[in-house]
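Counting from 17, one number per residue, gives the positions in the sequence shown under the numbering used here. Idealized CB from N, CA, C, for every residue including glycine. Bear in mind the structure is a predicted one, so any value in this text is a computation, not a measurement.
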Amino acid sequence: MAERLQKILARAGVSSRRTAEEYIRQGRVAVNGRVVCEVGAKADPVMDRITFDNKPIASEEKIYLLLNKPVGYVTTLSDPQGRPKVTDLLVDIPQRVFPVGRLDYDTEGALLLTNDGELGNRIIHPSYEVNKTYEATVPGRLAEEKIRLLKEGILLDGHRTWPAQVKILAEKKNETTVELIIHEGKKRQVRRMLAAIGHPVKTLKRTAYGGLKLGKLPSGSYRRLTMRDLKKIFSGKIPFTFKKIPD
Ligand code: URA
17 MAERLQKILA RAGVSSRRTA EEYIRQGRVA VNGRVVCEVG AKADPVMDRI TFDNKPIASE
77 EKIYLLLNKP VGYVTTLSDP QGRPKVTDLL VDIPQRVFPV GRLDYDTEGA LLLTNDGELG
137 NRIIHPSYEV NKTYEATVPG RLAEEKIRLL KEGILLDGHR TWPAQVKILA EKKNETTVEL
197 IIHEGKKRQV RRMLAAIGHP VKTLKRTAYG GLKLGKLPSG SYRRLTMRDL KKIFSGKIPF
257 TFKKIPD
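Take a look at the structure:
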């Protein structure tokens, strides 16, 4: 996504934004080999080759955050209805991060945010089979037969979902809390799976990505992930070359 050049330069550690504007006026900044002297011109920090004094600027430091998303926030980066965005919750993060997979407005829990597109894709893409764990409360009790259907896969949009791991966490007279582990990310998948067996979701929370658990992170808070945390997502090893971040 295109951003103002002075912002990109400042984030890459070249200078403050104000000084970067000076550098742009002085003709010291080029985008894809063409000098840009117009302050306010935009470039894409990922796609474009940006140089300062003919040297490529440093690529942005990679950052990985785990947020406990509250209900009532959208995971999109802009919302036509003007609802609160998860990125509004980030206060001291200069990098522009994006959510890894979506969580519905009315779903809470674990949401990864990063500026590392490669890692993000590998977590979302079903071929890497990164499990996502959800806790749903639904009305009534789940009969054995219904649990079997979830485990075998449910037809959604003409495709059967991959078998889910299902565990009953708590049963009350009129309500069940069920844990579902899936590795696909179809839109509103858990809600639609449970609705399809006659148990529409009352509340939904994502509690883990792979072996990385949300734990006791308070709602609305986030923490920076370490290398150990990232390995937990992929069951012990990172499946691609990866710039090291602190353990
Ligand atoms: N499944 C859903 O139905 N909603 C979510 O937010 C995530 C998974």
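Looking at residue j and residue i, is the spacing between their C-beta atoms short of 8 angstroms?
| i | j | result |
| --- | --- | --- |
| T223 | L230 | yes |
| R112 | K58 | no |
| G156 | N190 | yes |
| A180 | K167 | yes |
| Y225 | V146 | yes |
| V217 | L196 | no |
| V206 | Y150 | yes |
| P115 | V107 | no |
| L105 | V154 | no |
| K253 | L228 | no |
| I109 | P61 | no |
| P86 | S235 | yes |
| L128 | I139 | yes |
| V52 | E37 | no |
| L135 | I213 | no |
What residues match up with residue i in a beta bridge as DSSP calls it?
| i | result |
| --- | --- |
| G125 | K85 and R222 |
| Y39 | Note: Y39 sits in no beta bridge, so no partner. |
| P155 | E191 |
| Q181 | I197 |
| E134 | Paired residues: none, contrary to the question. |
| T149 | I197 and A224 |
| E161 | DSSP output for E161 lists no bridge partner at all. |
| I66 | V47 |
| Y238 | L83 |
Using a 10 Å radius around the Cβ and a threshold of 16 neighbouring Cβ atoms, would you call residue i buried or exposed?
| i | result |
| --- | --- |
| D69 | exposed |
| N137 | exposed |
| D245 | buried |
| L93 | exposed |
| H215 | buried |
| T177 | buried |
| N48 | exposed |
| L185 | exposed |
| T91 | buried |
| L171 | exposed |
| Q22 | buried |
| T35 | exposed |
| K148 | buried |
| P188 | In the sequence as presented, Pro is not what sits at residue 188; that position holds Lys. Exposed: under 16 other Cβ atoms inside 10 Å. |
Could you tell me whether the segment 153–161 touches the segment 229–246, using the rule of 3 or more Cβ pairs below 8 angstroms? no
Does the segment 121–128 touch the segment 66–79, meaning 3 or more C-beta pairs lie closer than 8 angstroms? no
Residues around the ligand URA, please: the ones whose beta-carbon is closer than 5 angstroms to some heavy atom of it, in chain order. L119, D120, T123, R204, Q205, V206 and R207
Inter-stretch contact at 8 angstroms, needing at least 3 Cβ pairs: the segment 29–41 / the segment 62–74: yes
Are at least three pairs of beta-carbons, each pair with one atom in the segment 193–212 and one in the segment 37–49, less than 8 angstroms apart? no
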